[in-house]
Structures are given as structure tokens and as C-alpha cells.
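Those protein sequence lines, which keep their order, are chains D and P.
Numbering follows the working numbering, with no gaps: position 72 of the first sequence is 72.
Numbering follows the working numbering, with no gaps: position 159 of the second sequence is 159.
See below for the structure under consideration.
There are 2 protein chains.
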Amino acid sequence: MNVTALEEYGLRCAVQLASLSEGKTLSAPEIAEREGLSIEYVSKFMLLLKRAELVRTVRGIKGGFALSRAPGEVSLKEVLDALNGRKKSGSEFCKSFTGKSESCVRFGSCSIRPFWDLLSGYVEEFTSRMTLADLIRPEEEIRDKTRSIASDHVGQMRKGEMRS
Amino acid sequence: MNVTALEEYGLRCAVQLASLSEGKTLSAPEIAEREGLSIEYVSKFMLLLKRAELVRTVRGIKGGFALSRAPGEVSLKEVLDALNGRKKSGSEFCKSFTGKSESCVRFGSCSIRPFWDLLSGYVEEFTSRMTLADLIRPEEEIRDKTRSIASDHVGQMRKGEMRS
DNA sequence: GATAATCCATACAAAAAAGTATTGTTTCAA
DNA sequence: TTGAAACAATACTTTTTTGTATGGATTATC
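Right under this line is the structure:
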């Protein structure tokens, strides 16, 4: 259960853009410098984010990258999904669920499915509600928001219980 | 943010052992059959679990594997850690924290560290408290326990707030 | 325009993960 | 005591991920 390089570095690059003032852009060399990554590698991430339309670009000399939406409107889940290029994310946590049911040996009665579903449910909610804007705020505030999300999640599980 | 093959398949094999009655063992061919995996592959997982002393083995014909402790005493975190062989797990979620601080470009002020820490804190708590015995109980009960863990987690974050 | 700095795209190389094969050791049972 | 079935260990192959290199397109500036 780990974070891929693409996710980690790509997200960090996206955060760099979040603290950019309106109208400005940041070039790949600048981002690479700030994050200690190669320019080529950064370019690769940014291309993925651009294709997902999370980032807009200005070409030519003096060009660069900027978020195409306000940082508060971009969830971490969107960024992570874009970087993973639609392979697997969020609730599609486990290999037992690659889309086709044959990929899961005991699709109907997978011993670990309930576990994954419950864990990934939280992860998905957390990443969906946390935005790029949140990441550039003081740690204390990130913590507050996390508590709020976790608290809501408990509430949702209670509702689910009643429904059943 | 994905689950490795080792984690998924290895955990499923461990769960097979959890529903085994006292004194019995399950052979690699049997586990492989039940999980739809190759015998060689299953053997690989089991070796890791044995080395972590989570599993005991009986050699020779009629041999096999069994949990070395009661299923309720084996946390999923222990199993997952054993399968990952001490690479990275739990709170050491992100690549920025591979042990040596140089591996993180901006160690003191990593933009995504607070986020990872908060998310992985939940994951760690969840996997630490959930046991192999839990996974073979009805989904409803797994859900109940999850809610309980999540609820405690919110409480702990509140305490953390007061402390600061 | 020419030039330089940038994005764009894809191809390539290296490393890690996933999965298989093989060889050896143990032990039951005929 | 011999054969078969199982664990033990490691080597090997394939696939995926990670990271680099290269060639082209775009545009500000001189």
C-alpha cells in the first residue's frame, strides 16, 4: 500500500502551481529546481496534468504552467487520478477489482473485499474533499479539515447502518 | 496509491489460514487452488509470512501451513508489513520519507507531508486494529468495527488538538 | 527573421515488481 | 528403504514502473 512516484512528485508539482498568483505561470525548469527533480521528469508529470485539463500551458519562451481552475476547486483525487492516467485509484483499490469480474478469483465472496472497500472509502472521501488550496495552508488547518472529514465519514457509516 | 500484488494475494492466503481449525494445516497446493494462484507463487508468500513468524509450517508429505497465533491476535498491519518485507508501510507512506532525510528535497517543509501523515495515520490505525479473525466475520461486523475505529480516530485527533 | 527558451511527444534505458522454474530437504507411508 | 508429496530457497524471466534522452513545435525578444 504505497504511493507511486508519479503521484508523489506530480502532486508536489501541482502544489507549486497552487501558490501562484493569478495570471502567472511557472516553467518546468523552475518547478524542477524547486522540487529537486529533472526538467524532463517534471515535463512528464505536467503533460499528464495538462491532458486531464487540470493545468493550462503557455508555450514558447516565457511560457509555463498554471492551474486551469482555482486551487480550492481542484481535489487531490483529481490530481492523483490524472497522474495515474486511469489505471486504478480510489475505491478500485484492490487487484480483485480491475473492472472485469473474472480478474477476481472469488468475486462474490472475496475475503478481503469488505476490508478494502471500507478503507478505500475513507481514502477516497479524504482525497476528494482535500484540495490543492488546503495543502498550502498551515498544518493546523489541514488537521482541522481532516478531523472534519473523518467525523463526517463516521456519520455516513451510521446512516448506512440505518439504511440496511 | 495502490495495493501491491504481494499484499493482496498474501493477505488472502493468510485469511485462508484464519478459518482453519486448531491443529490443522493447509498446504500450498490447497491454498493455491482456493485462491486461483500458482503453487510457486503461494509458496513465495508463505515463506515471507513464515520468516515473519506469523505462520508455522509442517514439512514433508502431509505438511502445510497454519497461523502461529490465534487469528484474532494477528493484525492486518503485521501481515502486510511481513509481505512488504520492510520496505515501506504505514506512516512511511511517501517517498519523501525513506529514512534518510536527504531523500526528501524539502524535508522540513514538504508540501504534501501533512496530508500524507494524516491519511496514513488513519490507514495505520485501521490496519493495526483489524485482525485476520475480523475478515472472516460477516461484513456487517467488519463495518461496525470500522466505524468504531474511525470514531476513535476522530477522538484522538481532538486530543491532539488540545495537547497543542 | 534568427535565436533561444520553452512546451510537446515519444522513444529509450534502468530499476523494481510480479510471477515462474528449479533444485534441494523433509517426512509420511507403502 | 524408496517414492511421492510437501516445504525451503534461490535463480530466472517477464512485465511494469521509473527516469532520461531526443527531436520537433511555438513564441518572445533582439
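We put the CB at the ideal spot given by N, CA and C, even for glycine.
Helix, strand or coil for P:S111 per DSSP?
Residue mapping note: residue 111 of chain P aligns to position 111 of the second sequence, counting from 1. Three-state DSSP puts P:S111 in coil, outside helix and strand.
Anything in the segment 114-133 of chain P with a Cβ closer than 8 Å to a Cβ of chain D? List those residues in chain order, please.
P114, F115, W116, L118, L119, Y122, V123, F126, T127, M130
Is it buried or exposed for D:P114, if we count other Cβ within 10 angstroms and need 16 for buried?
Locating residue 114 of chain D in the first sequence gives position 114, counting from the first residue. Classification of D:P114: buried, given that the 10 Å Cβ count is 16 or more.
Counting only beta-carbon separations shorter than 8 Å, does P:V154 have a partner in chain D?
Counted from its first residue, the second sequence places residue 154 of chain P at position 154. Yes, because at least one Cβ of chain D sits closer than 8 Å to the Cβ of P:V154.
Between D:M46 and D:V58, is the Cβ-Cβ spacing less than 8 Å?
As a position in the first sequence, residue 46 of chain D is number 46, starting the count at 1. As a position in the first sequence, residue 58 of chain D is number 58, starting the count at 1. Contact flag unset, no.
Of the listed residues P:T127, P:G155, P:N84, nearest to P:T146 (C-alpha basis):
For the purposes of this step, residue 146 of chain P is taken as the residue at position 146 of the second sequence. Of the listed residues, the one whose Cα sits closest to P:T146 is P:T127.
Mind reading off the beta-carbon distance from P:G64 to P:L11? Whole number of angstroms is fine, and I expect it under 8 Å.
Here the question's residue 64 of chain P lines up with position 64 in the second sequence. Here the question's residue 11 of chain P lines up with position 11 in the second sequence. In fact, because the Cβ distance is near 18 Å, the residues do not count as touching under 8 Å.
Are the C-beta of D:R143 and some C-beta of chain P separated by less than 8 Å?
Residue mapping note: residue 143 of chain D aligns to position 143 of the first sequence, counting from 1. Output row for D:R143: interface = yes.
Any Cβ of chain P within less than 8 Å of the Cβ of D:L47?
Working through the first sequence from its first residue, we reach residue 47 of chain D at position 47. So, not an interface residue.
In the segment 55-92 of chain P, which residue ranges form an unbroken beta strand (DSSP E) of at least 3 residues, counting only runs that do not cross its ends?
55-58, 64-67
Below 8 Å, can you find three or more Cβ-Cβ pairs linking the segment 18-37 of chain D to the segment 33-41 of chain P?
no
DSSP three-state label for D:T25, please.
For the purposes of this step, residue 25 of chain D is identified with residue 25 of the first sequence, where counting begins at 1. Coil, per DSSP.
Per-residue DSSP class, three states only, for D:T4
Numbered from 1 along the first sequence, position 4 holds the residue referred to as residue 4 of chain D. Residue state, collapsed to three classes: coil.
At the level of alpha carbons, what is the spacing between D:R143 and P:S111?
As a working note, residue 143 of chain D is residue 143 in the first sequence. As a working note, residue 111 of chain P is residue 111 in the second sequence. D:R143 and P:S111: Cα-Cα distance of roughly 14 Å.
What residues in the segment 60-80 of chain D have a beta carbon less than 9 Å from any beta carbon of chain P?
L76, L80
Neighbourhood of D:A82 by C-beta, 6 Å cutoff - its chain only, sequence neighbours within 5 removed:
Translated into the one-based positions of the first sequence, residue 82 of chain D becomes position 82. Here the set comprises L48, L49, A52, L54.
List, in chain order, every chain D residue whose beta-carbon is nearer than 9 Å to that of P:L20.
The count along the second sequence starts at 1 and reaches residue 20 of chain P at position 20. None at all; the shortest Cβ gap to chain D is about 13 Å.
Report buried or exposed for D:K24, applying the criterion of at least 16 other Cβ atoms within 10 angstroms of its Cβ.
For this step, residue 24 of chain D is matched to residue 24 along the first sequence. Its Cβ having fewer than 16 others within 10 Å, D:K24 is exposed.
9 Å Cβ cut-off: residues of chain D touching P:A28
Position 28 of the second sequence, counted from the start, is the residue given in the question as residue 28 of chain P. Those within 9 Å of P:A28 in chain D number zero; the least Cβ separation is about 16 Å.
Rounded to a whole number of angstroms, what is the C-alpha to C-alpha distance between P:E78 and P:M130?
As a first step, residue 78 of chain P must be located in the second sequence, where it is residue number 78. As a first step, residue 130 of chain P must be located in the second sequence, where it is residue number 130. About 10 Å.
Have a look at P:S68 and D:S21 and give me their C-alpha separation to the nearest angstrom.
Looking up residue 68 of chain P in the second sequence gives position 68. Looking up residue 21 of chain D in the first sequence gives position 21. So the alpha carbons of these two residues sit roughly 58 Å apart.
May I ask which residues mark the beginning and end of the alpha helix (DSSP H) holding P:E40?
What you label residue 40 of chain P is simply residue 40 of the second sequence in a count that begins at 1. Per DSSP, P:E40 belongs to the alpha helix (DSSP H) from 39-51.
Using 10 angstroms around the beta-carbon of D:V134, count the other beta-carbons present and answer buried if the total reaches 16, otherwise exposed.
By one-based count along the first sequence, residue 134 of chain D stands at place 134. A small correction: the amino acid at residue 134 of chain D is Asp; Val does not occupy that position in the sequence shown. Buried is the call here.
Given that P:V43 touches chain D, what residues does it touch there, using C-beta distances under 8 Å?
Taking the first residue of the second sequence as 1, we reach residue 43 of chain P at position 43. Rather than Val, the amino acid found at residue 43 of chain P in this sequence is Ser. The contacting residues do not exist; P:S43 stays about 17 Å from chain D at best.
Determine the burial state of D:E7: buried for a count of at least 16 other Cβ atoms within 10 Å of its Cβ, exposed for fewer.
By 1-based counting over the first sequence, the position of residue 7 of chain D is 7. Its Cβ being crowded by 16 or more others within 10 Å, D:E7 is buried.
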